[in-house]
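Numbering (our numbering), first residue to last: 26 to 335. Glycine included, every Cβ here is placed at the ideal spot set by N, Cα and C. Worksheet for the structure shown next.
The structure is reproduced here in structure tokens:
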């Protein structure tokens, strides 16, 4: 039975627990505040963003993630504040993260600014072993759940932007916490260790036609984590009339996908993406991964509310 416990622990580690890894979204370009606190409040609108991701939908216990972020500029629009709440379920393990962001926007010139931000938050991680289907129902190894543990953390980010392009770097979690429990013998077992992530994000928007009806927005996200290969997310979306969008996405060594979206006149954006793994043996039957995006902009200037692409 000890072997089963060790296998369970290895499986959990292999699934990239959110205590160990940051949540992954194909719509990363709409989730900048969660990745980079320097972005908070830079777009001169009150912005509320919701994301839901169901990964590898054919697998029981596969990752399911939700993220809600709200942000706004304050004090003459030179500062920004935001709140981000994330929930992730992977098998029997649940991670709820809450963090607050604060940023200062330094004006570089008439068309560009630099946002410098800090985030402070906490993750509540727990494992419900009672949810597992085990053969020996009276096995005391699975009798006790792993109680919720609070893991505080803070992060930093810088975000440089103009009306035409942006670039940012960030470290969402500076502390490398560990999630531990004890076995039936009283020995400590490390379930996961936080790994420090380094993010570099960039993007731009270009007119494809003289009347500006068609635009293209390429974006990229480089993720560097100790002990793991560098991962690069690439995406390119075509925008028609500042409303209808469609594009392709690629995650190096992992998956490819499509993105679709529509922005309504009142600043409400709906998006959907589907991506599928192409590098492992589950390619034919893992069911792919689905994401749904809802974003709402509130602004005094209706043009900024609808046409804010970053």
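Per DSSP, residue i is paired with what?
i, result
"residue 116", "Note: residue 116 sits in no beta bridge, so no partner."
"residue 71", "323"
"residue 102", "Paired residues: none, contrary to the question."
"residue 270", "264, 286"
"residue 218", "203"
"residue 281", "275, 301"
"residue 130", "140"
"residue 76", "92, 318"
"residue 124", "109, 146"
Inspect the beta-carbon positions of residue i and residue j and report whether they are closer than 8 Å.
i, j, result
"residue 109", "residue 54", "no"
"residue 173", "residue 182", "no"
"residue 128", "residue 180", "no"
"residue 284", "residue 298", "yes"
"residue 288", "residue 268", "yes"
"residue 83", "residue 315", "no"
"residue 335", "residue 104", "no"
"residue 292", "residue 321", "yes"
"residue 218", "residue 200", "no"
"residue 237", "residue 222", "no"
"residue 274", "residue 300", "yes"
"residue 189", "residue 229", "yes"
"residue 126", "residue 142", "yes"
"residue 265", "residue 239", "yes"
"residue 278", "residue 304", "yes"
"residue 227", "residue 184", "no"
Nearest CA to the CA of residue i: which residue from the options?
i, options, result
"residue 147", "130, 175, 139", "175"
"residue 280", "242, 102, 81", "81"
"residue 8", "144, 317, 323, 277", "This structure does not reach residue 8, given that the chain is present from 26 up to 335, and the question cannot be answered."
"residue 263", "275, 101, 242, 282", "242"
"residue 70", "107, 93, 233", "107"
"residue 151", "113, 137, 125", "113"
"residue 144", "124, 278, 301", "124"
"residue 130", "119, 265, 98", "98"
"residue 272", "278, 72, 282", "282"
"residue 317", "277, 302, 93", "93"
Rounded C-beta distance between residue i and residue j? I'm assuming under 8 Å.
i, j, result
"residue 140", "residue 96", "Wrong, their Cβ atoms sit about 11 Å apart, outside the cutoff."
"residue 88", "residue 115", "5 Å"
"residue 25", "residue 251", "Given a span of 26 to 335 for the chain in the structure shown, any question on residue 25 remains unanswerable."
"residue 225", "residue 247", "4 Å"
"residue 68", "residue 77", "So it is not a contact: roughly 22 Å between Cβ atoms."
How is the beta strand (DSSP E) around residue i delimited, first residue to last?
i, result
"residue 58", "Looking at the DSSP string, residue 58 is not in any beta strand (DSSP E); the run it does join, the alpha helix (DSSP H), is 57 to 60."
"residue 257", "256 to 265"
"residue 301", "293 to 302"
"residue 246", "239 to 250"
"residue 196", "190 to 196"
"residue 142", "138 to 152"
Mind checking if residue i is an interface residue toward chain C, Cβ cutoff 8 Å exclusive?
i, result
"residue 315", "This model lacks chain C altogether, as it is built from one protein chain only."
Please confirm whether any heavy atom of the ligand FAD lies closer than 7 Å to the CB of residue i.
i, result
"residue 113", "The ligand content of the structure shown is nil, which means the ligand FAD is not present either."
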